[in-house]
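Asker: Below you'll find the structure I mean.
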Amino acid sequence: MMPFVVKEEAVRTFNFYLNGSVRQGMVCQNKLYKLVSSFEPDDCPRAYALGWSLGCGGTPAVITLTEQGYGVWVDLRSHAQSSF
Numbered sequence: 003m004m005p006f007v008v009k010e011e012a013v014r015t016f017n018f019y020l021n022g023s024v025r026q027g028m029v030c031q032n033k034l035y036k037l038v039s040s041f042e043p044d045d046c047p048r049a050y051a052l053g054w055s056l057g058c059g060g061t062p063a064v065i066t067l068t069e070q071g072y073g074v075w076v077d078l079r080s081h082a083q084s085s086f
C-alpha cells in the first residue's frame, strides 16, 4: 500500500500520552496517526522509503511535508500489532 502524502498544514496535530511518554499525533481523513520518524528536508528519499516499507508491510502510513522536513506517521490502530 502506497503511503498517503499531505502537507502538514492540511492536518490537525496534537500530543498524547502512550506507554509512559508524550507522543505526537495527528488526524488525517478522520483517522488517528502517531509520528514514528522525522526527516530533514534533504532526507526525502529516506522518508519515502520508510513510508513505502511500512505500507508494503500492511501498516497504513502517511508522510507529511513541511518547510522543516518530512514526518512519517502510522495509523494508531496498527500500534497494537507493532512496536512503533
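Going by the working numbering, the sequence shown opens with residue 3, and the numbers climb by one from there.
Don't be surprised by glycine CBs; every beta carbon is placed ideally from N, CA and C.
Please report the Cβ distance between Glu1 and Thr66, rounded to the nearest whole angstrom; I am assuming they are in contact, meaning their Cβ atoms lie under 8 Å.
Answerer: As shown, the chain starts at 3 and ends at 86. That puts residue 1 outside it, with no answer to give.
Asker: Have a look at Ala82 and Ala49 and give me their C-alpha separation to the nearest angstrom.
Answerer: For the purposes of this step, residue 82 is taken as the residue at position 80 of the sequence shown. For the purposes of this step, residue 49 is taken as the residue at position 47 of the sequence shown. The pLDDT assigned to Ala82 is 49, lower than 50, so where the model puts this residue is not dependable, and the model offers no usable value.
Asker: If we count the other Cβ atoms within 10 Å of its Cβ and call it buried at 16 or more, is Leu20 buried or exposed?
Answerer: On the sequence shown, residue 20 is found 18 positions in, with the first residue counted as 1. Counting Cβ neighbours within 10 Å, Leu20 comes out exposed, since fewer than 16 surround it.
Asker: Specify the secondary structure class of Gly57 as computed by DSSP and reduced to three states.
Answerer: Here residue 57 corresponds to residue number 55 of the sequence shown, with the count starting at 1. Three-state DSSP puts Gly57 in a helix.
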